[in-house]
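Reading through the structure tokens given below for one structure.
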Ligand code: XMP
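Residue numbers (the working numbering): 22 to 556.
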């Protein structure tokens, strides 16, 4: 096992504690708070360290949760914590629990309230300035408020939509201010954070960089760090942060498995050299990956082979790489929150690197451990990294191998690379994609609202053939599948309604310019039931 890294959680910042009762929006609460420049930390209700976290916080938000406060073994809190004077905002289950623990009463409602509702606040409501749509999702409701509290808002189906005790600085809302469907949700959070809890708003990317650099220097001391880079946003920002902290004691390694998109491997190396002041060793290991994948068609088998081959490359270069004391990992805050809490079925083996050789079982350093993805990008901007490096679409570790149904060969990779380049070039030219394909030198994309842009797009190759006609000749060749999805977190996704003329242009170019393709299909399936990648 690798040694667990030193825990550094930005104790010098004013902290908002989010107590997690298992609510589906808990991460969202923390993200929305951080977007207001307030450092938010999520701690589970039954974490033994909760009391200490509470005492070192400036304010607390109690999350939603799936239980009823009156259920046996329902998640709860030590009521003393609620009396220690900190401002507290209870959301949904959080409001009910606060009411329950402070002497109010909670009951099951006859009809679950779910969806948008119009909330009407009273003039006294400290957090709600005016009426507006809110997002409700609950089966219980407060029906008697605790002593000292008053009801300050209602909806048609819920007479206690918000409660408060301004003297004790305790507030509750039955709806979810953190979701975008609640029109003035951010205003509610801001009123709580800045008017009631008096946060200064000291959580910025600049402060994070300064503190992370100091913390990394302390953790690493005079040691050396090995950092694998893939060209992805996380490993790029982790490397840039480490380079700033420890300079030439950082050794970065890029393994080119031959399964990157067109021109991409060269661009990763060039961008790194231009923007990150650290040593990068790039290994062209493509031949050994193709050899290992030869004849393999099973998706899981491909993933396992690629994971194992990565490790083999590190083993082959052990002499050059040994001597490092730490291994950098791009763990993000959502991974930290979720680790250990999932027993989900494996849909795909999502690891990129299999078991590590002994000499690589180093102490871990995790520079991004406290950041959400948006914050990683903000830190990257702060470190001066260009847009092309920070807004890159997510790309799977096994690369194009999971976009080639059937055997992975150099020729089939070439077909996918060429088709994928054209597809992403057309999306970029139409303003639907923020970043052009590597090596693009045409005109800049017209500005289109980020909302209209795709989250991930690619071309894939199927393992079937169909008949076509080119000139006067019959063709019997492969179809290309185009995909462009909108998503927030890859858990769910839907196909983007790409205008027909863009699809038409891409399809025409692909069959004309890419040898071996005579048909182009657009995948309109959502996730679920499909996944984003084909394999
Ligand atoms: P699926 O296909 O499961 O993909 O809907 C969800 C997201 O994860 C990416 N993906 C991977 N990323 N290693 C990765 O680092 C992998 O093995 C892997 N497989 C899928 C995929 O591109 C999408 O963004």
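C-beta: ideal position from N, C-alpha, C; glycine also.
Bounding residues of the alpha helix (DSSP H) (the contiguous stretch that carries residue i)
{"i": "residue 116", "result": "114 to 122"}
{"i": "residue 512", "result": "Note, residue 512: premise wrong, no alpha helix (DSSP H); not H, not E."}
{"i": "residue 105", "result": "Note, residue 105: premise wrong, no alpha helix (DSSP H); not H, not E."}
{"i": "residue 17", "result": "What is shown of the chain runs 22 to 556, which leaves residue 17 out entirely."}
{"i": "residue 193", "result": "No alpha helix (DSSP H) contains residue 193, which is instead part of the beta strand (DSSP E) from 191 to 194."}
{"i": "residue 533", "result": "521 to 534"}
{"i": "residue 53", "result": "47 to 56"}
{"i": "residue 415", "result": "Here residue 415 belongs to no alpha helix (DSSP H), and DSSP marks it neither H nor E."}
{"i": "residue 219", "result": "Segment: none, residue 219 is in no alpha helix (DSSP H) and carries neither H nor E."}
{"i": "residue 202", "result": "Residue 202 -> no alpha helix (DSSP H), and no H or E assigned at all."}
{"i": "residue 231", "result": "226 to 241"}
Those residues which DSSP pairs with residue i across a bridge
{"i": "residue 477", "result": "506"}
{"i": "residue 489", "result": "496"}
{"i": "residue 420", "result": "Bridge partners of residue 420: none, in fact."}
{"i": "residue 39", "result": "63 and 82"}
{"i": "residue 157", "result": "136"}
{"i": "residue 277", "result": "305"}
{"i": "residue 248", "result": "273"}
{"i": "residue 349", "result": "386"}
{"i": "residue 111", "result": "83 and 193"}
{"i": "residue 482", "result": "425 and 501"}
Cut-off 6 Å between Cβ atoms - residues of its own chain near residue i, not counting five sequence neighbours on either side
{"i": "residue 504", "result": "479 and 544"}
{"i": "residue 484", "result": "426 and 427"}
{"i": "residue 182", "result": "140, 174, 175, 176 and 195"}
{"i": "residue 362", "result": "Residue placement at residue 362 cannot be trusted, given a pLDDT of 46 that sits under 50; what the coordinates show is reported in the next sentence. There are no such residues."}
{"i": "residue 273", "result": "248, 250, 260, 299 and 301"}
{"i": "residue 14", "result": "Given a span of 22 to 556 for the chain in the structure shown, any question on residue 14 remains unanswerable."}
{"i": "residue 170", "result": "184 and 186"}
{"i": "residue 124", "result": "167 and 168"}
{"i": "residue 267", "result": "241"}
{"i": "residue 288", "result": "459"}
{"i": "residue 378", "result": "336"}
CB-CB length for residue i against residue j, believed under 8 Å
{"i": "residue 338", "j": "residue 307", "result": "Contact flag wrong, Cβ pair sits at about 15 Å."}
{"i": "residue 451", "j": "residue 523", "result": "5 Å"}
{"i": "residue 134", "j": "residue 157", "result": "5 Å"}
{"i": "residue 389", "j": "residue 261", "result": "About 11 Å separates the two Cβ atoms, so there is no contact after all."}
{"i": "residue 37", "j": "residue 82", "result": "7 Å"}
{"i": "residue 234", "j": "residue 270", "result": "Incorrect: roughly 13 Å between the Cβ atoms, too far for contact."}
{"i": "residue 55", "j": "residue 396", "result": "7 Å"}
{"i": "residue 384", "j": "residue 346", "result": "6 Å"}
{"i": "residue 237", "j": "residue 90", "result": "Residue 237 to residue 90, Cβ: 42 Å. No contact."}
{"i": "residue 199", "j": "residue 206", "result": "6 Å"}
{"i": "residue 453", "j": "residue 473", "result": "7 Å"}
Residue i Cβ short of 7 Å to ligand 1 heavy atom set
{"i": "residue 416", "result": "yes"}
{"i": "residue 324", "result": "yes"}
{"i": "residue 553", "result": "yes"}
{"i": "residue 423", "result": "yes"}
{"i": "residue 350", "result": "no"}
{"i": "residue 550", "result": "no"}
{"i": "residue 507", "result": "no"}
{"i": "residue 477", "result": "yes"}
{"i": "residue 511", "result": "yes"}
{"i": "residue 320", "result": "no"}
{"i": "residue 355", "result": "no"}
{"i": "residue 419", "result": "yes"}
Residue range of the unbroken beta strand (DSSP E) whose run includes residue i
{"i": "residue 185", "result": "183 to 186"}
{"i": "residue 539", "result": "538 to 543"}
{"i": "residue 141", "result": "126 to 142"}
{"i": "residue 575", "result": "In the structure displayed, the chain extends from 22 to 556; residue 575 sits before or after that span and is not available."}
{"i": "residue 90", "result": "No beta strand (DSSP E) holds residue 90; DSSP gives it neither H nor E."}
{"i": "residue 174", "result": "171 to 175"}
Proximal residues to residue i (C-beta, below 7 Å), its chain only, five neighbours per side dropped
{"i": "residue 218", "result": "79, 80 and 108"}
{"i": "residue 407", "result": "296"}
{"i": "residue 433", "result": "425 and 482"}
{"i": "residue 537", "result": "436, 498 and 499"}
{"i": "residue 515", "result": "506, 507 and 547"}
{"i": "residue 318", "result": "427 and 428"}
CB contact check: residue i to chain D, cutoff 8 Å
{"i": "residue 424", "result": "Any reference to chain D falls outside this structure, which holds one protein chain only."}
Chain-order list of residues whose beta-carbon lies under 8 Å from that of residue i (same chain, five-residue window excluded)
{"i": "residue 464", "result": "450"}
{"i": "residue 365", "result": "Any answer about residue 365 is weak, because its pLDDT of 47 lies below 50 and its placement is not dependable; what the coordinates show is given next. For residue 365, where only same-chain residues beyond five positions count, there are no Cβ hits under 8 Å."}
{"i": "residue 22", "result": "Reliability fails at residue 22, whose pLDDT of 39 lies under 50, so the model's placement of it is uncertain and no value is given."}
{"i": "residue 42", "result": "66, 83, 84, 85, 86, 88, 96, 114, 115 and 118"}
{"i": "residue 26", "result": "Summary for residue 26: the model assigns pLDDT 44, below 50, so the residue's position carries little reliability, and this model does not support an answer."}
{"i": "residue 151", "result": "142 and 205"}
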